[in-house]
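Asker: Input: one structure, supplied below.
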Amino acid sequence: MDALDDDQLRAMLALRRFARSLSGDPASADDLVQATLERALRRWRTRHTADALQPWLFAILYRQFLDGQRRVARWQPVVALFAPQKPSQSASAEQVHDGRAMLARLALLPPEQRALLLLVSVEGFSDRQVADTLGIPMSTVISRLSRARERLRAVNEGHVNHAPALRILK
9 MDALDDDQLR AMLALRRFAR SLSGDPASAD DLVQATLERA LRRWRTRHTA DALQPWLFAI
69 LYRQFLDGQR RVARWQPVVA LFAPQKPSQS ASAEQVHDGR AMLARLALLP PEQRALLLLV
129 SVEGFSDRQV ADTLGIPMST VISRLSRARE RLRAVNEGHV NHAPALRILK
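So the sequence shown is residues 9 to 178, counted in this note's numbering.
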């Protein structure tokens, strides 16, 4: 097997960073990246060669993450009966504490908003790349990104409404 070139290594590190930000757990992030790369390799021949590699991989990773979230939600009541509770970990440095606090605030956002913020702010994706990656219209990206930033601002200021943003009306 050939060694990874710099672009491939940067893409993998960006994938892991995005996965870590979504999952909040290094082991889960590694599993998510591995599942993403496995799926990408299986579907390599179906990929349009004109498409950029990184947005395609991010789209796969995001869909894998959402699938995992649905699986967890479905099995959480059963797992909770058997899983021991984890002891809390205290931060050893102010920087680590601040980073964890920010991740905790990000975790309060819905997965769609969190993914948008991470792709744009951390990974440097353009609105068009985010739209292509997530398979949604660019106008939807712009409006959701605005709402995500507004909600994160509210979370940072302590004005959080934990009620769902939308209601289903009959």
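Here a beta-carbon is modelled for each residue, glycine too, at the ideal position from N, C-alpha and C.
For the pair the segment 113 to 123 and the segment 27 to 40, tell me if three or more CB-CB distances fall below 8 Å.
Answerer: The segment 113 to 123 is in contact with the segment 27 to 40.
Asker: Check for me: the alpha helix (DSSP H) holding D106 runs from which residue to which?
Answerer: On the sequence shown, position 98 is the one that residue 106 refers to. Its alpha helix (DSSP H) spans residues E102 to A115.
Asker: I need the DSSP call for S134, collapsed to helix, strand or coil.
Answerer: Here residue 134 corresponds to residue number 126 of the sequence shown, with the count starting at 1. Three-state result, S134: coil.
Asker: Give the secondary structure of S96 by DSSP, where H, G and I count as helix, E and B as strand, and everything else as coil.
Answerer: For this step, residue 96 is matched to residue 88 along the sequence shown. Bear in mind that the predicted position of S96 carries a pLDDT of just 49, short of 50, making it unreliable; the figure below should be weighed with that in mind. If DSSP states are grouped into helix, strand and coil, S96 belongs with coil.
Asker: Enumerate in chain order the residues of its own chain whose CB-to-CB distance from L74 is below 7 Å, with the five nearest sequence positions on each side excluded.
Answerer: Here residue 74 refers to the residue found at position 66 when the sequence shown is read from its first residue. For L74, where only same-chain residues beyond five positions count, the Cβ hits under 7 Å are P119.
Asker: The alpha helix (DSSP H) with T148 in it runs from where to where?
Answerer: In the sequence shown, counting from the first residue as 1, residue 148 sits at position 140. Unbroken alpha helix (DSSP H) run through T148: M146 to E165.
Asker: Going by Cα to Cα distance, which pick from L21, Q16 and D13 is closest to E131?
Answerer: Within the sequence shown, residue 131 is the residue found at index 123, counting from 1. The shortest C-alpha separation from E131 is found at L21.
Asker: If you drop the 5 nearest sequence neighbours on each side, which residues of the same chain put their C-beta closer than 7 Å to that of V128?
Answerer: As a working mapping, residue 128 is identified with position 120 in the sequence shown. For V128, where only same-chain residues beyond five positions count, the Cβ hits under 7 Å are V138 and L153.
Asker: Can you find a CB in chain C that lies within less than 8 Å of the CB of I68?
Answerer: Structure shown: chain C not included; a single protein chain is present.
Asker: Taking the alpha-carbon of T141 as reference, which of A67, F26, R50 and Q121 has the nearest alpha-carbon?
Answerer: Along the sequence shown, one-based indexing puts residue 141 at 133. That would be A67, whose Cα lies nearest to the Cα of T141.
Asker: Return the chain-ordered ranges of every alpha helix (DSSP H) run that is complete within the segment 30 to 77 and spans a minimum of 4 residues.
Answerer: You should have 34 to 50.
Asker: Express the C-alpha separation of F26 and L40 in angstroms, rounding to a whole number.
Answerer: Looking up residue 40 in the sequence shown gives position 32. Looking up residue 26 in the sequence shown gives position 18. Roughly 10 Å separates the two Cα atoms.
Asker: What span of residues does the alpha helix (DSSP H) with P181 cover, start to end?
Answerer: Absent from the structure is residue 181, since the part of the chain shown begins at 9 and ends at 178.
Asker: Cutting at 7 Å between CB atoms, please list the residues of its own chain near S98, excluding the five before and the five after it.
Answerer: Taking the first residue of the sequence shown as 1, we reach residue 98 at position 90. Note that S98 has pLDDT 47, beneath the 50 cutoff, so the model's placement of it is unreliable and no number is given.
Asker: For L69, count neighbouring C-beta atoms within 10 Å of its own C-beta (all shown protein chains included) and say buried if the count is 16 or more, exposed if not.
Answerer: In the sequence shown, counting from the first residue as 1, residue 69 sits at position 61. Counting Cβ neighbours within 10 Å, L69 comes out buried, since at least 16 surround it.
Asker: Can you tell me the Cβ-Cβ gap for A19 and Q72, rounded? I've got them flagged as a contact below 8 Å.
Answerer: Translated into positions along the sequence shown, residue 19 becomes position 11. Translated into positions along the sequence shown, residue 72 becomes position 64. Not confirmed; about 16 Å, so no contact.
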